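Just so you know, my numbering puts 1024 at position 705 of the sequence shown, and the rest follows in order with no gaps. Ideal placement from N, C-alpha and C gives every residue a C-beta, glycine not left out. Because the structure is a prediction, the values reported are computed rather than measured.
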Amino acid sequence: AYCITTSGTTSAPKIVSVPHRCIVSNLLALREIFSVSPEDCLFLASPLTFDPSIIELFISIISGASILIVPDYIKQIPDRLLDILYHRNSITILQATPSLLYQFKSSELKRTLLGNNTSLRILALGGEEFPPISVVNQWKDPGCPVEFYNLYGITEVSCWSNCYHVTAEDYKLKLKNVPIGEPLNGIEVKVTNKDGEKIRQGEGLLWIGIKERVCDINNERRDINNKGDISNKDIIWRCTGDIVRILNNSHIIYLYRTDTQIKRQGKRLDLSTIQSCVMEVDDIKQCYVIYDENKLWVFIVSEMVNELETIVLSYIQNKLPLYYHPDCVRDIQSLPLTSHGKINRKKLLKIMHEESRNIKIPTTLCELTKWLKNLWQKHISLVDQCKEDITIEDSSYFIMLGGNSLQAVYLTDYIQSALHSRHPVILDCLLNKNFSQNIHCLYDIINIYIGLDEISTQKHNGSVIENSNPKKQKLEKDGLGFRNGKDDSGNHRSNFEYFICRGNRTYQCATSSLQHGKMKSCCNQHNKHVSNLYKCSDCDTDSSEFYKENSGLRESQIIKNNGDMKPKIELQSLWKYDTGKCVDSSPCVSARSDGSSVVFIGSHSHKFTALDVNNGDIIWEIYLGDRIESSPCLSNCGTFVIVGCYDGMLYIINVNNGDIKWRFQTGSHIKSSPVLDPLTSFIVFGSHDQCLYAVDIDKEECKWKCAVNNGSLFSTPLIYNNTVYIGTLGGQLLAINTDDGSIKWRLDVNKPIFSSPCYLYNSIIVASVNGYIYSVSLTGNVMWTFQTNAPIFCSPVISECRQNKCVIIGSHDNHLYCLNQSGQLNWKFKSSSHIYSTPFVYSTSTRLEHSSQNASTNGDLNIISVSTGEVLYSIQLPGELFSSPVIYQNKLLIGCRDNHLYCFQIEHELK
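Structure (structure tokens):
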């Protein structure tokens, strides 16, 4: 009939092939139990990827009933959903997860869907544990006529195996655990003990047995007769993974899953025990417990506004042993849900990790003393609640005041979370030293921690990075690149000396005459690329002389000012080039020592073109195997331009005549833009085949291949200090060794990363479609985050704002953000539409402020002051802008979805 995957909530997802006889039997049984008729209206509460949706859809069809379907986003807005279900459509049968009901306020449910005058006849809850009757009583009015059912099942028998009708007696007894009910047609159940023996009473593992309703899981091989029926007549038992109890009356109640048992402090405990304990507290609406990275968190939902967290923590401490006590109790507005309507554990984990990262530790001795004293008081009072007013002297010891080793461990973990690093001496000090010694120990750690960060920052400001690059010198001596390219006089053309790509990525080629001149310190063994023309953000080396020489500004144009003068900027159209189809690729500008410059651009037309930057004349154009969205780069010898293509090929093309030197085949589209590793001369790039490659174009071979196994690679790699940093569409930032392609570390942000990482002060800046901007240390720890209000596809660039480094990045919330190096907002600029393209930052002169070029998807091109966020100039192009701009010698180049590459002259004057 259909194939479906298990949700993956409790284990790895499995593919389940469901035959007609399996699901039809389920539909007929439930239609009879619920007495579904043409007068009924059902609600499609489940997404089509969740098998209860099959029941909702087809039970309506075979009964002639109506079915109500709403957009997914409506299900996330409780008030609107309740209005649609009750006021506007009067549904009669609702099958849902309990979490859907938990979204609504109890008072609203009593007044509407579960009130006296409701149209609802049947409320069948499944997919999660049925709520205690005490909670159901809070939801429904005493005169509510709705009949409640508990549905139980696993996708492997698709869909429900058991059904229980909640009785009036159950309401009177206020059952804490509602039975899962009797097996439906074609189902048998059994409970086994630890030895696998069937039991008739007590606790054990639940199994579901099937003869006729057999689904095929992960392509199991079974004997199939000619009619397509399974010929095996033995009962096939499916393990549910649920621990249940058989009561004296033979009813079976759910207790917990086998995977909710953990080992903590040498003791085995079950997370559901904590959850059951918390639900005993008055006014608790919902509870979920998570254990991750040795931290035990309890999330609660209530309609109270007082300090319920403290009440819950105290209740757990009084009811359960010490090893059950959580590290944190957090009261949140609602538990996040998956698309299947179940509690979203990943989002709760994200809350845990973000709160841990956001702990701030004081850096002054006075404030640190107050902070640590409060922590001592809090953790000692958790052991003995009678000791709320504790006097802590300099000579006081944590243990002697009433603390214990367990609380010492919790306190140490908290402090280390604030430091974003681990220090074993903290625990030793806490157990064996007095308060004064603890303060000074912690103060020393903070000073050393901050001091090391400052030292490593200062390394980029000195002369220690002026090392030469022996591999570049070797390439220069080898004379690579003087192939067939000739100038107009028939003389051999020299190689390109440097090239500029989107996001202010500027690279020097190995044959550059500048290598031993003014730009020597900006591209060397320590710093792999120059991030913009006027300042190298990787090393903080001032290269304004180089910029002055190459920016097109004569010395007489550079005017000293007192800081109050602002540049007046205008764009004059120089030329445009029709590529034949949309241009999503970004231009790459290359320059020679003779002053000539060439821009390379690809498009959806499969055309790849080299154009003269000054006049737009075509130097050569070739057609590749498919459309081009990857942005090109140059080889270290300056002789070849490299670009990825949708046909899965990486093309290495002679810059002078367009001849293809070599093609390298990957397993899927190449949207990731290739980058040059100047130390090795390798070209590094990602593919949608989920692999990162490093290729040697001179030897025409792949040096290494790294299978990331976590989504396709869209972002442009960043190479820094023998490490490649790249984001995946599976939601991870990876650090990969440039020597052999081995993975150093992974950071999971849970949402796809389209953004390309950049470097800032010993950290990597990257963004995700979850709307967050991350600062990540070179060892993979998140230093800070900043949240925008929409997904981010744009890549960050580094500039200077108010004499400090800053991060500039756009978001789909229509804003361009400027953040300082600590992740705090300097300013934000509201654009007219989404910002997809990466900004380019440039300086109007050595004395004037820096400006950022920003493009939005509706065609707006803005030049913005980096200092203030003020718009200096704006123009609208006739198509959407997904290409990122590049600026060279006061010429701005950008591709547009009206099929053209545009070139503008930037005119400056002071006002």
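Taking Cβ positions, are residue i and residue j nearer each other than 7 Å?
{"i": "Gly523", "j": "Val508", "result": "no"}
{"i": "Ile1128", "j": "Tyr1161", "result": "no"}
{"i": "Thr1057", "j": "Asn1041", "result": "yes"}
{"i": "Ser904", "j": "Ser950", "result": "yes"}
{"i": "Ala384", "j": "Asp359", "result": "yes"}
{"i": "Leu1211", "j": "Ile1225", "result": "yes"}
{"i": "Lys1070", "j": "Val1088", "result": "yes"}
{"i": "Arg557", "j": "Ile527", "result": "yes"}
{"i": "Ile334", "j": "Asn537", "result": "yes"}
{"i": "Trp616", "j": "Cys596", "result": "no"}
{"i": "Ile529", "j": "Ile555", "result": "yes"}
{"i": "Ile920", "j": "Leu1220", "result": "yes"}
{"i": "Lys990", "j": "Glu948", "result": "yes"}
{"i": "Asn955", "j": "Leu995", "result": "yes"}
{"i": "Pro997", "j": "Phe1004", "result": "no"}
{"i": "Phe1159", "j": "Leu1138", "result": "no"}
{"i": "Gln605", "j": "Tyr421", "result": "yes"}
{"i": "Asp370", "j": "Cys478", "result": "yes"}
{"i": "Leu943", "j": "His925", "result": "yes"}
If residue i sits next to residue j, beta carbons under 8 Å apart, how far is it from one beta carbon to the other, in whole angstroms?
{"i": "Cys449", "j": "Asn469", "result": "The question names Cys, yet the displayed sequence has Phe at residue 449. Correct: roughly 4 Å between the Cβ atoms."}
{"i": "Leu1191", "j": "Ile1182", "result": "5 Å"}
{"i": "Ile941", "j": "Phe959", "result": "With 8 Å as the limit, Ile941 and Phe959 do not qualify as a contact, their Cβ atoms being about 13 Å apart."}
{"i": "Leu387", "j": "Leu432", "result": "That pair is no contact at about 13 Å."}
{"i": "Val269", "j": "Ile651", "result": "As shown, the chain starts at 320 and ends at 1230. That puts residue 269 outside it, with no answer to give."}
{"i": "Leu442", "j": "Val465", "result": "5 Å"}
{"i": "Gly1090", "j": "Ile1111", "result": "6 Å"}
{"i": "Leu746", "j": "Leu694", "result": "About 14 Å separates the two Cβ atoms, so there is no contact after all."}
{"i": "Asp1132", "j": "Thr1107", "result": "5 Å"}
{"i": "Val337", "j": "Ala320", "result": "5 Å"}
By Cβ distance, which residues of its chain are closer than 6 Å to residue i, with the 5 residues on each side in sequence left out?
{"i": "Tyr607", "result": "Phe618, Leu654, Ile662"}
{"i": "Leu493", "result": "Note on residue identity: the sequence assigns Lys, not Leu, to residue 493. Answer for Lys493: Ile452, Ser453, listed in chain order."}
{"i": "His1134", "result": "Lys1147, Lys1149"}
{"i": "Ser987", "result": "Gly967, Ser1006, His1007, Asp1008"}
{"i": "Pro417", "result": "Leu444, Glu447, Pro450"}
{"i": "Gln756", "result": "none"}
Using a Cβ-Cβ cut-off of 7 Å (strictly less than) and excluding sequence neighbours within five positions of residue i, which residues of its own chain qualify?
{"i": "Ser1175", "result": "Ser1150, Ser1151, Ser1152, His1153, Ile1154, Leu1200"}
{"i": "His835", "result": "Below a pLDDT of 50, predicted positions are generally treated as unreliable, and His835, at 35, falls in that range; no measurement from the model is reported."}
{"i": "Asn810", "result": "Since pLDDT at Asn810 reaches only 44, below the 50 mark, its modelled position is unreliable, and the value read off the structure follows with that caveat. Contacts found: none."}
{"i": "Val783", "result": "Only weak support is given to the placement of Val783: the predicted model assigns it a pLDDT of 28, under 50, and the question is left unresolved by the model."}
{"i": "Asn435", "result": "Asp460, Gly462, Cys463"}
{"i": "Glu889", "result": "Tyr1192, Glu1226"}
{"i": "Ile758", "result": "Leu687, Thr688, Leu691"}
{"i": "Gln891", "result": "Phe1223, Gln1224, Glu1226"}
For the alpha helix (DSSP H) containing residue i, list its first residue and its last residue.
{"i": "Tyr1136", "result": "Where Tyr1136 is concerned, there is no enclosing alpha helix (DSSP H), although the beta strand (DSSP E) it sits in stretches over 1134-1139."}
{"i": "His1131", "result": "Segment: none, His1131 is in no alpha helix (DSSP H) and carries neither H nor E."}
{"i": "Asp936", "result": "First-last for Asp936: undefined, no H or E at that position."}
{"i": "Phe1001", "result": "Phe1001 -> no alpha helix (DSSP H), and no H or E assigned at all."}
{"i": "Ser949", "result": "Careful: Ser949 lies outside any alpha helix (DSSP H) and carries neither H nor E."}
{"i": "Val744", "result": "744-751"}
If I follow the unbroken beta strand (DSSP E) through residue i, where does it start and stop?
{"i": "Glu1020", "result": "1020-1026"}
{"i": "Ala1086", "result": "1082-1086"}
{"i": "Cys596", "result": "Careful: Cys596 lies outside any beta strand (DSSP E), inside the alpha helix (DSSP H) at 590-598."}
{"i": "Cys1215", "result": "Where Cys1215 is concerned, there is no enclosing beta strand (DSSP E), given that its DSSP letter is neither H nor E."}
{"i": "Val1068", "result": "Counting along the chain, Val1068 falls outside any beta strand (DSSP E), and DSSP gives it neither H nor E."}
{"i": "Glu1119", "result": "1116-1120"}
{"i": "Leu574", "result": "571-576"}
{"i": "Val608", "result": "603-611"}
Within a Cβ cutoff of 8 Å, which residues of the same chain sit near residue i, ignoring the five residues on either side of it in sequence?
{"i": "Tyr490", "result": "Ile452, Val455, Asn456"}
{"i": "Glu375", "result": "Leu361, Phe362, Leu363, Ala364, Ser365, Ile386, Gln414"}
{"i": "Asp1067", "result": "Gly1050, Gln1051"}
{"i": "Ile410", "result": "Cys360, Leu361, Phe362, Leu387, Leu404, Ser438, Leu439"}
{"i": "Val728", "result": "Leu746"}
Quiz prompt | beta strand (DSSP E) runs wholly inside the stretch 626-659, at least 3 long, in chain order | solution = Every beta strand (DSSP E) stretch that sits fully inside the stretch 626-659 and reaches 3 residues is listed by chain position as 647-650.
Quiz prompt | Uninterrupted beta strand (DSSP E) stretches inside the stretch 507-539 (no shorter than 3 residues) | solution = Complete beta strand (DSSP E) runs here, min 3: 521-529.
Exercise. Within the stretch 404-433, note down every full beta strand (DSSP E) run reaching 3 residues or more, in order along the chain.
Key: Entirely contained in the stretch 404-433, the beta strand (DSSP E) runs reaching 3 residues are, in chain order, 412-415.
Quiz item: What are the uninterrupted segments assigned as beta strand (DSSP E) that are 3 or more residues long and contained completely in the stretch 444-492, given in chain order?
Solution: Taken in chain order, the whole beta strand (DSSP E) runs of length 3 or more contained in the stretch 444-492 are 466-471, 481-484.
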